[in-house]
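Working notes for the structure below.
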Amino acid sequence: MFDVLPDQIPWYLAGPALGLLIVGLFVLANQPLGASGAYVQTSVLLRGREPMAMWRVWYFVGLFVGGIIVTQVLREGAEIRSGYDAMRDVFPLWFTIPFVFAGATLLGYGAAVAGGCTSGHGMCGTSQRSPASFTVTATFMATAIITTFILRALTGGDL
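In structure tokens form, the structure reads like this:
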């Protein structure tokens, strides 16, 4: 159609906008913004129960539909991709699929144990000065850094 969006919004615009969104949501609804909370509320609705916060269901649907609209309608030449092309260049597909599945499973388990996801704890929990959120955020950041170093060492810098 037409190319109206840049490849990436500058950090100095996106960061303050996200901060204002988080503060605004606390002011209006006294609730944090987090992807795992939206996922949980959507799964509650799909199981036939009434979600506690219907706006989270719309947030979850908006993330999915918005991504499709941006990549398929507003961006010319956009393609559907897995996001793991660099890993697939280094490792065979038979290794990549179970590796990503295991990582996603651990991520989901961690979000359940921690009572929220990385965005919920990292942005909303730390802005509320929650000691648990600081601990969880430090843990997942340290784990991400260590994992990056391990993958770079194992692949000779290809990942």
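The sequence shown begins at 676 in the numbering used here and counts up one residue at a time. No residue lacks a Cβ here, since even glycine has one placed at the ideal position from N, Cα and C.
CA nearest to the CA of residue i, picked from the options
| i | options | result |
| --- | --- | --- |
| glutamine 803 | Pro707, Leu703 and Tyr687 | Pro707 |
| glycine 791 | Ile697, Tyr687, Ala761 and Tyr714 | Tyr714 |
| aspartate 760 | Ile684, Gln683 and Leu834 | Leu834 |
| glutamine 683 | Thr746, Gly832 and Thr717 | Thr746 |
| threonine 717 | Val702, Leu703, Ala704 and Tyr734 | Tyr734 |
Limits of the unbroken alpha helix (DSSP H) element including residue i
| i | result |
| --- | --- |
| valine 811 | 806 to 830 |
| alanine 779 | 768 to 789 |
| aspartate 643 | Lying outside 676 to 834, the shown extent of the chain, residue 643 is not represented and no answer is given. |
| threonine 717 | 710 to 721 |
| methionine 798 | Segment: none, methionine 798 is in no alpha helix (DSSP H) and carries neither H nor E. |
| leucine 696 | 686 to 704 |
| leucine 738 | 729 to 744 |
Contact belief for residue i with residue j at Cβ below 8 Å, rounded distance in angstroms
| i | j | result |
| --- | --- | --- |
| arginine 807 | glycine 800 | Here the sequence assigns alanine to residue 807, which means arginine is not the residue at that position. Contact holds; Cβ gap of about 7 Å. |
| glycine 709 | glycine 783 | Rounded, the Cβ-Cβ distance is 14 Å, inconsistent with contact. |
| alanine 789 | valine 811 | 5 Å |
| leucine 720 | valine 732 | 5 Å |
| leucine 765 | threonine 830 | For clarity, residue 765 is valine in the given sequence; the question names leucine instead. With a Cβ gap of about 5 Å, valine 765 and threonine 830 count as contacting. |
| serine 711 | alanine 777 | About 18 Å; that fails the 8 Å criterion. |
Close-in-space but distant-in-sequence residues of the same chain around residue i (CB under 8 Å, 5 per side omitted)
| i | result |
| --- | --- |
| leucine 700 | Gln706, Pro707 and Leu708 |
Sequence-distant residues of its chain with Cβ nearer than 7 Å to residue i (five each side left out)
| i | result |
| --- | --- |
| glycine 741 | none |
| methionine 762 | Thr771 and Leu834 |
Cβ shell of residue i (< 6 Å), same chain only, five flanking positions each side left out
| i | result |
| --- | --- |
| threonine 793 | Phe815 |
| glycine 690 | none |
| glycine 723 | none |
Measuring CB atoms only, is the stretch 722 to 732 touching the stretch 809 to 823, in the sense that at least three cross pairs come out at less than 8 Å?
no
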